[in-house]
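Under the numbering used here, the first residue of the sequence shown carries the number 1, and numbering increases by one thereafter.
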Amino acid sequence: MKRKKAAAGVLCCLGILFLCACTQHQTKTSDRLYVGVACYDQRDTFLGELLNCFKEKMSDMESDDLKTIVTVRDAAGSQKTQDDQVKELIDAGCNVLCVNLVDRADPSEIIDLAREKEVPIIFFNREPVAEDLRQWDQLYYVGADAKESGVMQGEVAAEVIMSDSGIDRNRDGKIQYVVLEGEPGHQDAIIRTENAVETIRSKGISLEKLSNGIANWNRAQAQNRMQQLIAQYQNEIELVLANNDDMALGAIDAYVKLNRTEAGMPVFFGIDGTTDGLQAVVDSKLAGTVYNDKVGQADAMAKLAAALITGEGMDEIKYKNGKYIYVPYSKVTQENVGEYLRKSKK
Ligand code: GAL
Ligand code: CA
């Protein structure tokens, strides 16, 4: 009899324990933010820095009520690889995806995979076309306005050109320039170039385009392309407008390799404010840049991801057209670069 009672007691306790374990498990899954990040190419300097900021924001967000996990996959430039990686991330149990498309015109397979399992997607940095973002109501975009960065690069460059008559080295009243461009088809390539050039002209500066070269955001490719341009135009180039800092730094590398002194070099402008870009402004190698706010973008991605899972904070997010979050750019000059460097070293 005693034995039976004891056995019943044990069973009862086990039952309670089991129930507790279940409820505990349930709260845990609902408050677990597991973000799968798909990156187009992790060798890209700006993206590497943006992802570091994102991981930091996600771990800052962790609390007793919210557990956060981040898994990053690198597509190394292949959309097919990225599609497979997204499938794996969903199968592994991610409840939010952050996708940096390889081909920003080809997100359909990823959208279908995510919609089937109801995993929301935050696209970032490489903006899908508006029509694709309308395919499902759980699709968002975090990035920045390309036009704004082009205008700001033009303003920074115009100010430097107007304050230094020595930039017009052949004194013909015109500034001979070349452009180093990012990937063709990227929202930040053509738009940045057009707006930078137009803004400089709008300040009354006369520009003469010598050439342009595509260097896919990449420092080594920009160095190569610049070497060809120097061979072709010799000392004629007075201004280099690069769509990002890495390409501006690559152009400087080309001149350094030729042992050119500063007096024999054009002025260079970039966009991004990467750690190396900011340092080059401090060292007066880069005349100026535009800050692509990786901290702000990472913060917006992390807050949106958390809001999508917890349901809290969704109303505080400022969207454009219900789906877009554009984080503002800002101008980096010799005068204010110190502030940015401090921020990026934090
Ligand atoms: C741009 C950035 C580039 C490169 C590119 C990749 O916004 O300025 O440096 O990272 O994104 O998509
Ligand atoms: Ca000139």
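Glycine is no exception: its CB is placed at the ideal position from the N, C-alpha and C atoms. The structure presented is a predicted model; accordingly, all values stated were derived computationally and were not measured.
Check	Outcome
Please classify R134 as buried or exposed, where buried requires at least 16 other C-beta atoms within 10 Å of its C-beta.	exposed
Quick one: grab the DSSP three-state call for Y329.	coil
Who are the Cβ neighbours of G264 in its own chain at under 6 Å, not counting the five residues just before and after it?	none
Any chance you could list the beta strand (DSSP E) runs of at least 3 consecutive residues sitting entirely within the stretch 146-224, in chain order?	175-181 and 207-214
Which class does C98 belong to by DSSP, given the choice of helix, strand or coil?	strand
In three-state DSSP terms, what is L304?	helix
Quickly, what does DSSP pair I69 with across the bridge? List them, please.	Y34
Have a look at T274 and T45 and give me their C-alpha separation to the nearest angstrom.	7 Å
Using beta carbons (cut-off 8 Å, strictly below), is L286 in contact with chain D?	The structure shown contains no chain D, having only a single protein chain.
Cβ of N125 within 7 Å of any heavy atom in ligand 1?	yes
Considering only DSSP beta bridges, list what A242 is partnered with.	L180
In angstroms with no decimal places, state the Cα-to-Cα distance between I309 and Q42.	26 Å
Hey, I190 and E238: beta-carbon distance below 8 Å or not?	no
Just how far apart, CA to CA, sit M61 and Q234?	53 Å
Y40 by DSSP, collapsed to three states: which one?	coil
So, with DSSP's three-state summary, where would you put Y324?	strand
Quick one: any contact between the stretch 149-167 and the stretch 123-131, if contact means 3 or more CB pairs under 8 Å?	no
I need the straight-line Cα distance from K320 to I230, nearest angstrom please.	43 Å
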